[in-house]
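**Q** In order, the protein sequence lines correspond to chains X and P. Under numbering that gives the first Met the number 0, read the first sequence as residues 0 to 417, first letter to last. Under numbering that gives the first Met the number 0, read the second sequence as residues 0 to 251, first letter to last. The structure is given below, and queries will be raised subsequently.
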Amino acid sequence: MIQRISGQVRLALRNSVRNVRRSMLTAITVLVGTSLTVVALAFMTGLYDQIMIDYAENQGHGRVVTAAFEKREMLQPLYENIADVDPVLDTVRAIPGVTDAYPVIRLGVSTAVGEEIGETFANVTGAPLEWYESHVKPRAIVLDGAWLSESKDAQVVLGRRAANDAGAKVGDSILLLGATQYGSMSPVNAKVVGVITGDSTLDTQAFVTLDTARWMADMESGALQVMFYTDSFEPSVAEPVALAVQGALGDTYVVSSWSQQGAWPGTMPVINGMEYIIAGLMIFVMVLAIFNTMSMSVMERTSEIGVMRAMGQSRIGAVSTFLIEAGLIGAVGGVLGVLIGGLFAAYLATQGVSLGQDMVDQAGEGAFPIKSTYYAVISVQTLLYCLGVGVAAAIAGAAMPAIRAASIRPTHAMRARR
Amino acid sequence: MKRTLWALALLAGTAHAEEPAPPPVPTAAELLAKVDANLQSTSQSSTAKMVVNNGRRTREYVLKIVARGQTDSAVEYVAPEREKGTRMLKIDDQMWLYMPRAERVQKISGHMMRQGMMGSDMSYEDAMATADFDEMYTAKVAGSEMLEGRSHWKVEAVAKDKSVTYPKRVLWIDEVTFIPSKQELYAVSGMLLKTWTMSDVRLIDGKHVPHQMTITDQLKPGSNTTFITSDLQFDVPLQDEVFSLRWLERGQ
């Protein structure tokens, strides 16, 4: 058996160097397809991972809200808050897998630096300083000024777009006019201490201390939600922890991981399916090209196949010879493709791909945080996957011509030779 | 038997003949002019309790209101404590707000004009509107209807100008007091935006004046805002100082 296989491999090797130009063409097809797959998958992985990480950092790996808030969330019902948040925080922090938890208040405000109000808006986030330290500062760039600090005067750090819209700069006094949980006006005259940028979500926000937000919303010791973090943002980690938190808090509250919120439940399958779509498209293109070259090869070798078949080569043997030949060429093209694609992906991993600031501004307050630059992420898993895609495409492309070769009758082949 | 029937028929005929003739149908313009006459004054002052019910919670505010003609008004919140000292000033078609906590005077514009004052069902735009229906709308009388046991003229009014906040109104005007007991306010699309009722009508200085108004924003399910007016006085002497930005910042 082993002898037979090694014989077929030797035959396939010999065949593959008989028409170097054609074999090169097949290998280059696989090389181009594989390298493009590497680059596309590495970039898509980097893009999606970054969007998910930014979203999960901004919203928490999981969150706790009241059941009533969850039901009417679109209306931002501040009155459906967690009135006494400390016991909830204690319960959440005691759950294994929860690394930290913070009370957070989010509300929409009108902003004004000049004498008119009503034309510009921002989303105010009020949270403890520790949250900013751990979960906002690492992913934000301070364009001007500094971060929030302990102060008895109201301070605000503005996202780039919120600052531009309001015409505010560091040192200005900006009016944040929101509403309390009862609906009455809650004006805060805050000093702009910093302007930051990061992604489209950060850019449209105004960050204040939890105390300032509590005054604005008129929640003495409450919060709109408790955000908690786990060891990893991965849904496979965050979702079971969210389930455990839900179990501990009961039905008064609704606990969800970031991946279970907003548009994510519908988006996750698309993201997960994207690599298969990319790989599928690449395989399709490669299969078409390889089918062409291998068909030519079968036509050229019709008489030879006839001789081999007359000498007792089985149909399976004939098919195997062609498939092994395609596999070998595919492996060479795949390895080279992975190397070249890997090099290009490595370049994108360090230099990134700029989508432009317009893209960030257009994303605005959309469901997903969008950055101006994304970096590719390469993993051994992706490289091996792409190599497999290249080889599989080569074999799949050779399958039909190989079956055709195996179906050639020796007598017909011999006649054709004459 | 025949005699009895004749007698009944005669009685019925007599009774019909003695019924007072129905009042002539007034024109819509006449009705709106009478409504305007009730709701307009050269100057007035009042205290109002504003009860805002958002469907879950109710919150009460007490306001002192002074108005000069149809275009100028000044409002000061005196309760609750958190809102105390908040003042609003409307002069012609402009509105300013003073918030003591922020120590700032802000001119209200843009999208904020459509937001509810203090979370109420009355927007700043509603507060800005003048009670000058005859000037703003072209109307027609659509019939007479009973409302709360009283006869009302139903008037359908369409705005003459695109700048009017509500392009279409349907008013039920009390046939005796000429107060619009109920109004439905519509968007251009025909969507019902708000309903506005007026009740507790009292005769003051020869005017019929509603002392309770309830506004229901149809886009905020379950919410409504009621204004209960007290200490209403007409033709009160008002200093020009009241209708100035200086008053807004300093108060009385």
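Cβ atoms here follow ideal geometry from the backbone N, Cα and C, with glycine treated the same way.
At the 8 Å Cβ level, is Gln-217 (chain P) part of the contact set with chain X, yes or no?
**A** The residue labelled residue 217 (chain P) in the question sits at position 218 within the second sequence. Judged by the 8 Å Cβ criterion, Gln-217 (chain P) is not in contact with chain X.
**Q** Please give me, in chain order, every unbroken run of the beta strand (DSSP E) with length at least 3 that falls completely inside the stretch 101-127 of chain X.
**A** 119-126
**Q** Rank X:Ala-41, X:Leu-10, X:Asp-99 and X:Asp-83 by C-alpha distance to the C-alpha of Ala-237 (chain X) and give the top, closest one.
**A** Residue mapping note: residue 237 (chain X) aligns to position 238 of the first sequence, counting from 1. When each option's Cα is compared against that of Ala-237 (chain X), the closest is X:Asp-99.
**Q** In whole angstroms, give me the CA-to-CA distance for His-15 (chain P) and Pro-209 (chain P).
**A** Within the second sequence, the letter at position 16 stands for residue 15 (chain P). Within the second sequence, the letter at position 210 stands for residue 209 (chain P). Its pLDDT being 45, under 50, His-15 (chain P) is placed unreliably in this model, and the coordinates cannot settle the point.
**Q** Tell me which residues share the same chain as Val-38 (chain X) and place their Cβ nearer than 8 Å to its Cβ, disregarding the 5 neighbours each side in the sequence.
**A** The residue given as residue 38 (chain X) occupies position 39 in the first sequence. Closer than 8 Å at the Cβ level, and outside the excluded window around Val-38 (chain X), lie Gly-340, Phe-343, Ala-344, Leu-347 and Ala-375.
**Q** Does chain X have any CB closer than 8 Å to the CB of Ala-14 (chain P)?
**A** Within the second sequence, the letter at position 15 stands for residue 14 (chain P). At Ala-14 (chain P), the pLDDT of 41 sits below 50, so the modelled position is not reliable; the number obtained from the coordinates is stated separately. No, no contact with chain X.
**Q** How big is the Cα-Cα spacing for Asp-85 (chain X) and Leu-242 (chain X)?
**A** On the first sequence, position 86 is the one that residue 85 (chain X) refers to. On the first sequence, position 243 is the one that residue 242 (chain X) refers to. Cα-Cα distance, rounded: 20 Å.
**Q** Over the uninterrupted beta strand (DSSP E) stretch that includes Leu-176 (chain X), give me the two end residues.
**A** Stepping through the first sequence from its first residue, residue 176 (chain X) is reached at position 177. Counting along the chain, the beta strand (DSSP E) containing Leu-176 (chain X) begins and ends at 172-178.
**Q** Out of X:Glu-114, X:Arg-105 and X:Val-97, point me to the one whose CA is closest to Met-98 (chain P)'s CA.
**A** The sequence position of residue 98 (chain P) within the second sequence is 99, counting from 1. The shortest Cα separation from Met-98 (chain P) among X:Glu-114, X:Arg-105 and X:Val-97 belongs to X:Glu-114.
**Q** Using beta carbons (cut-off 8 Å, strictly below), is Glu-118 (chain X) in contact with chain P?
**A** Indexing the first sequence from 1 puts residue 118 (chain X) at position 119. Yes, because at least one Cβ of chain P sits closer than 8 Å to the Cβ of Glu-118 (chain X).
**Q** Would you say Ser-108 (chain P) reaches chain X, if we count a Cβ-Cβ gap shorter than 8 Å as a contact?
**A** Here residue 108 (chain P) is taken as the residue at index 109 of the second sequence, counted from 1. So yes, Ser-108 (chain P) belongs to the interface.
**Q** Going by DSSP, what residue range makes up the alpha helix (DSSP H) through Val-192 (chain X)?
**A** The residue you call residue 192 (chain X) lines up with position 193 of the first sequence. Premise fails: Val-192 (chain X) lies in the beta strand (DSSP E), 184-196, not in any alpha helix (DSSP H).
**Q** Give the C-beta separation of Ser-180 (chain P) and Leu-146 (chain P) to the nearest angstrom, bearing in mind that I take them to be a contact with Cβ-Cβ under 8 Å.
**A** Against the second sequence, residue 180 (chain P) aligns to sequence position 181. Against the second sequence, residue 146 (chain P) aligns to sequence position 147. Beta-carbon to beta-carbon, Ser-180 (chain P) and Leu-146 (chain P) are separated by about 6 Å, close enough to satisfy the 8 Å threshold.
**Q** Taking any Cβ of chain X, which residues in the stretch 138-160 of chain P have a Cβ under 8 Å from it, in chain order?
**A** Taking 8 Å as the Cβ-Cβ cut-off against chain X, none of the residues of the stretch 138-160 of chain P qualify.
**Q** Since Gln-43 (chain P) and Val-235 (chain P) should fall inside the 8 Å C-beta cutoff, what is the C-beta to C-beta distance between them, to a whole number of angstroms?
**A** For the purposes of this step, residue 43 (chain P) is taken as residue 44 along the second sequence, with counting starting at 1. For the purposes of this step, residue 235 (chain P) is taken as residue 236 along the second sequence, with counting starting at 1. Yes, they are in contact, since the Cβ atoms of Gln-43 (chain P) and Val-235 (chain P) sit about 7 Å apart, within 8 Å.
**Q** DSSP state of Arg-62 (chain X), grouped into three classes?
**A** The residue given as residue 62 (chain X) occupies position 63 in the first sequence. Correct three-state label for Arg-62 (chain X): strand.
**Q** Can you give the Cα-Cα distance for Val-337 (chain X) and Ala-288 (chain X), rounded to whole angstroms?
**A** As a first step, residue 337 (chain X) is located in the first sequence; it is residue number 338 there, counting from the start. As a first step, residue 288 (chain X) is located in the first sequence; it is residue number 289 there, counting from the start. Each residue's Cα considered, the two are about 19 Å apart.
**Q** Under 8 Å between the Cβ atoms of Gln-204 (chain X) and Asn-122 (chain X)?
**A** Taking the first sequence and counting its residues from 1, one reaches residue 204 (chain X) at position 205. Taking the first sequence and counting its residues from 1, one reaches residue 122 (chain X) at position 123. Against a cut-off of 8 Å, the Cβ pair of Asn-122 (chain X) and Gln-204 (chain X) comes out as a contact.
**Q** Using a Cβ cut-off of 8 Å, pull out every chain X residue sitting near Thr-85 (chain P), in sequence order please.
**A** To locate residue 85 (chain P), count along the second sequence from 1; it is residue 86. Met-184, listed in chain order.
**Q** Please classify Ala-14 (chain P): does DSSP put it in a helix, a strand, or coil?
**A** As a working note, residue 14 (chain P) is residue 15 in the second sequence. Because Ala-14 (chain P) carries a pLDDT of 41, less than 50, the predicted location of this residue cannot be relied on, and the following value inherits that uncertainty. Here Ala-14 (chain P) sits in helix by DSSP.
**Q** Determine contact between the stretch 103-119 of chain P and the stretch 172-187 of chain X, defined as no fewer than three beta-carbon pairs at a distance below 8 Å.
**A** yes
**Q** Given a threshold of 16 other Cβ atoms within 10 Å of its Cβ, counted over all protein chains shown, does Gln-224 (chain X) qualify as buried or as exposed?
**A** Numbered from its first residue, the first sequence carries residue 224 (chain X) at position 225. Buried: at least 16 other Cβ atoms inside 10 Å.
**Q** What span of residues does the alpha helix (DSSP H) with Asn-271 (chain X) cover, start to end?
**A** Position 272 of the first sequence, counted from the first residue, corresponds to residue 271 (chain X). Residues 263-299.
**Q** Classify Ile-328 (chain X): buried if its beta carbon has 16 or more other beta carbons within 10 angstroms, exposed otherwise.
**A** As a working note, residue 328 (chain X) is residue 329 in the first sequence. The residue is buried, with at least 16 neighbouring Cβ atoms inside 10 Å.
**Q** Are any of the Cβ atoms in chain P nearer than 8 Å to that of Tyr-181 (chain X)?
**A** Locating residue 181 (chain X) in the first sequence gives position 182, where the first residue counts as 1. Tyr-181 (chain X) counts as touching chain P.
**Q** Suppose you measure from the CA of Val-284 (chain X) to the CA of Val-29 (chain X); what does that come to, to the nearest Å?
**A** Locating residue 284 (chain X) in the first sequence gives position 285, counting from the first residue. Locating residue 29 (chain X) in the first sequence gives position 30, counting from the first residue. Computed Cα separation, rounded: 10 Å.
**Q** Check whether the Cβ atoms of Phe-206 (chain X) and His-60 (chain X) lie closer than 8 Å to each other.
**A** As a first step, residue 206 (chain X) is located in the first sequence; it is residue number 207 there, counting from the start. As a first step, residue 60 (chain X) is located in the first sequence; it is residue number 61 there, counting from the start. Not in contact: Phe-206 (chain X) and His-60 (chain X) (Cβ atoms no closer than 8 Å).
**Q** Examine chain X for any beta-carbon lying closer than 8 Å to the beta-carbon of Gln-105 (chain P), and answer yes or no.
**A** Walking along the second sequence from the start, residue 105 (chain P) turns up at place 106. So, interface residue.
**Q** Pick out whichever of X:Thr-124, X:Arg-138, X:Ala-167 and X:Leu-128 has its Cα sitting closest to the Cα of Gly-144 (chain X).
**A** To locate residue 144 (chain X), count along the first sequence from 1; it is residue 145. Here the closest residue by C-alpha is X:Ala-167.
**Q** Would you kindly check if the distance between the Cβ of Ser-150 (chain P) and the Cβ of Trp-174 (chain P) is under 8 Å?
**A** Counted from its first residue, the second sequence places residue 174 (chain P) at position 175. Counted from its first residue, the second sequence places residue 150 (chain P) at position 151. The identity of residue 174 (chain P) in the sequence shown is Glu, whereas the question assumes Trp. A contact, by the Cβ cut-off of 8 Å.
**Q** So the candidates are P:Leu-192, P:Gly-205 and P:Ser-243; which of them puts its Cα closest to the Cα of Gln-232 (chain P)?
**A** Here the question's residue 232 (chain P) lines up with position 233 in the second sequence. By alpha-carbon distance to Gln-232 (chain P), the top candidate from P:Leu-192, P:Gly-205 and P:Ser-243 is P:Gly-205.
**Q** Label Trp-5 (chain P) either buried or exposed according to how many other C-beta atoms from any shown protein chain fall within 10 Å of its C-beta, with 16 as the threshold for buried.
**A** As a working mapping, residue 5 (chain P) is identified with position 6 in the second sequence. Any reading at Trp-5 (chain P) is ruled out, since the residue's pLDDT is 42, under 50, leaving its predicted position unreliable.
**Q** Quick one: is the Cβ of Gly-272 (chain X) within less than 7 Å of any heavy atom of the ligand FMN?
**A** For the ligand FMN, the structure offers nothing, since it holds no ligand at all.
**Q** According to the neighbour-count rule (16 or more other Cβ atoms, all chains shown, within 10 Å of its Cβ), is Val-253 (chain X) buried or exposed?
**A** As a working mapping, residue 253 (chain X) is identified with position 254 in the first sequence. It is buried - the Cβ of Val-253 (chain X) has at least 16 other Cβ atoms within 10 Å.
**Q** Excluding the 5 residues flanking Arg-92 (chain X) on each side, which residues of the same chain have their C-beta closer than 7 Å to its C-beta?
**A** Numbered from its first residue, the first sequence carries residue 92 (chain X) at position 93. For Arg-92 (chain X), where only same-chain residues beyond five positions count, the Cβ hits under 7 Å are Ala-100.
**Q** So, for Phe-226 (chain P): in the same chain, excluding its five sequence neighbours on each side, which residues have a beta-carbon less than 6 Å away from its beta-carbon?
**A** For the purposes of this step, residue 226 (chain P) is taken as the residue at position 227 of the second sequence. Hits under 6 Å: Ala-47, Met-49 and Met-212.
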